[in-house]
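Note sheet for the following structure.
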Amino acid sequence: MIKAIDIHVHGHDEAAIQAMGARNAQMGKYFGKEMEPVSLDELADRYRQKEMMAVLVNTTDVSSTGIPPVPNDHIAQAVKRNPDVFIGFGAVDPWQGKLAVDEAKRCAEELGLRGLGELNPGRQGFYPNDPRFYPLWEMASDQGLVVLLHGGMMGAGAGTPGGMGFKLKYTRPIPYIDDVAADFPKLKIIAAHPSWPWQEESLAVARHKSNVYIDLSGWAPKYFPESLVHYVDTILQDRALFGSDWPVLDPDRWLAEFAELPIRETSRQKILLDNACALFGIQV
Numbered sequence: 105m106i107k108a109i110d111i112h113v114h115g116h117d118e119a120a121i122q123a124m125g126a127r128n129a130q131m132g133k134y135f136g137k138e139m140e141p142v143s144l145d146e147l148a149d150r151y152r153q154k155e156m157m158a159v160l161v162n163t164t165d166v167s168s169t170g171i172p173p174v175p176n177d178h179i180a181q182a183v184k185r186n187p188d189v190f191i192g193f194g195a196v197d198p199w200q201g202k203l204a205v206d207e208a209k210r211c212a213e214e215l216g217l218r219g220l221g222e223l224n225p226g227r228q229g230f231y232p233n234d235p236r237f238y239p240l241w242e243m244a245s246d247q248g249l250v251v252l253l254h255g256g257m258m259g260a261g262a263g264t265p266g267g268m269g270f271k272l273k274y275t276r277p278i279p280y281i282d283d284v285a286a287d288f289p290k291l292k293i294i295a296a297h298p299s300w301p302w303q304e305e306s307l308a309v310a311r312h313k314s315n316v317y318i319d320l321s322g323w324a325p326k327y328f329p330e331s332l333v334h335y336v337d338t339i340l341q342d343r344a345l346f347g348s349d350w351p352v353l354d355p356d357r358w359l360a361e362f363a364e365l366p367i368r369e370t371s372r373q374k375i376l377l378d379n380a381c382a383l384f385g386i387q388v
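First residue of the sequence shown? That's 105 in this note's numbering, and the numbers climb one at a time after it.
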């Protein structure tokens, strides 16, 4: 029986490490942990043993770094081998225009992936509400793909001079995520992470627009601000999602700390499992 769905899990096998380039060592140093490779099948086994499912996300910043991404076929094959555990998301680079739109369509129609992302405007250097990227959101909406958009502070480049050139200005929820959600009301958007220092903006967007969800990944729950805990326990209890951001944060640690938060059991069940099931149409 599935007990939880981790909405935000990065593959960290040899292919992913190669696609990360210098960021692998940088993020390992920043988070104070070894970023060793783990095959996708081994990762699936770990989640299977925990009686959990995982949304396996993929990302690319090829336009800003020149490093090719992990092929979306690689993610799709891992999902096919482990359908009881993985839900797959595909990577697209918005700057690739029609190629990105076509790849989004291929992700849905040929690869069976359920979403796009994690798209990281800070790493990819784009404003999500730029009309040049609206054909991508339109395709995602038409295909029923969920879009995972990074919000706020990011580990990539953190703690280095110049942040490896990545700029946080692109990652603000208002107006960038808010505009896209308004202009594509049928598009399901997950605003990834508590979006610090704009956490209140992310909460406001999710409160205002029912097609926006928030995931709680990338932050240890013991550091969650009081307002975040309050909102996910009350008016946003139906659109808050458990996510670890593995390998940055281990799901066991996240769950242990989340268990200590003053949240009602009904809300806790929704955050850990029910909301993700509703989002993806999963019956467990």
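Think of the CB as a built atom: it goes at the ideal place given N, C-alpha and C, for glycine as much as any other residue.
- Cβ-based burial, Tyr-327 [other Cβ within 10 Å; buried from 16]: Taking the first residue of the sequence shown as 1, we reach residue 327 at position 223. When all chains shown are included, Tyr-327 counts as exposed.
- Item | Terminal residues of the alpha helix (DSSP H) in which Phe-362 lies | The sequence position of residue 362 within the sequence shown is 258, counting from 1. That run of the alpha helix (DSSP H) goes 355-362.
- Message: Below 8 Å on the Cβ atoms is my contact criterion, and I expect Glu-159 with Ile-191 to pass it. Report the Cβ-Cβ distance as a whole number of Å.
- Response: The residue labelled residue 159 in the question sits at position 55 within the sequence shown. The residue labelled residue 191 in the question sits at position 87 within the sequence shown. Note that residue 159 is Val in the sequence shown, not Glu. Right, the Cβ-Cβ distance comes to about 5 Å (below 8 Å), so this counts as a contact.
- Is the beta carbon of Asp-283 sitting closer than 7 Å to the one on Asn-315? For the purposes of this step, residue 283 is taken as residue 179 along the sequence shown, with counting starting at 1. For the purposes of this step, residue 315 is taken as residue 211 along the sequence shown, with counting starting at 1. Cβ distance not < 7 Å, so Asp-283 and Asn-315 don't count as in contact.
- Go ahead and pull the three-state DSSP assignment for Val-388. Counted from its first residue, the sequence shown places residue 388 at position 284. In the structure shown, Val-388 sits in coil (DSSP, three-state: anything other than H, G, I, E or B).
- Query: CB Glu-281 to CB Val-250, shorter than 7 Å?
  - Reply: Here residue 281 refers to the residue found at position 177 of the sequence shown. Here residue 250 refers to the residue found at position 146 of the sequence shown. A small correction: the amino acid at residue 281 is Ile; Glu does not occupy that position in the sequence shown. The answer is no: Cβ separation not under 7 Å.
- If you scan the stretch 179-245 from start to end, which runs of the alpha helix (DSSP H) of 4 or more residues do you find wholly inside it? 202-213 and 225-228
- Query: Between Asn-162 and Val-174, is the Cβ-Cβ spacing less than 7 Å?
  - Reply: Start at 1 with the first residue of the sequence shown, and residue 162 comes out as number 58. Start at 1 with the first residue of the sequence shown, and residue 174 comes out as number 70. Yes, these two residues count as a Cβ contact at 7 Å.
- Query: Is the beta carbon of Leu-253 less than 7 Å from the beta carbon of Leu-220?
  - Reply: Locating residue 253 in the sequence shown gives position 149, counting from the first residue. Locating residue 220 in the sequence shown gives position 116, counting from the first residue. The answer is no: Cβ separation not under 7 Å.
- With contact counted as at least three CB pairs below 8 Å, one residue from each stretch, are the stretch 263-271 and the stretch 238-247 in contact? no
- Query: In the structure shown, what three-state DSSP assignment does Met-257 receive?
  - Reply: Against the sequence shown, residue 257 aligns to sequence position 153. Coil.
- Task: Hey, could you find the ends of the beta strand (DSSP E) Val-161 is sitting in?
- Result: Mapped onto the sequence shown, residue 161 falls at position 57. First-last of the beta strand (DSSP E) with Val-161: 156-161.
- Task: Tell me where the alpha helix (DSSP H) around Asp-287 begins and ends.
- Result: On the sequence shown, residue 287 is found 183 positions in, with the first residue counted as 1. Start and end: 282-287.
- Task: Compare the beta carbon distance of Met-390 and Ile-111 with 7 Å and say whether it is the shorter of the two.
- Result: Here the chain covers residues 105 to 388 and nothing more, so residue 390 does not appear.
- Message: Along the chain, where does the alpha helix (DSSP H) containing Glu-312 start, and where does it finish?
- Response: Residue mapping note: residue 312 aligns to position 208 of the sequence shown, counting from 1. Strictly speaking, residue 312 in this sequence is His, with Glu absent from that position. Where His-312 is concerned, the enclosing alpha helix (DSSP H) stretches over 303-312.
- Query: According to DSSP, is Val-174 helix, strand or coil?
  - Reply: To locate residue 174, count along the sequence shown from 1; it is residue 70. Reduced to three states, the DSSP call for Val-174 is coil.
- Message: Taking the beta carbon of Asp-197 as the centre, do at least 16 other beta carbons fall within 10 Å, making it buried, or is it exposed?
- Response: Stepping through the sequence shown from its first residue, residue 197 is reached at position 93. Burial call: buried.
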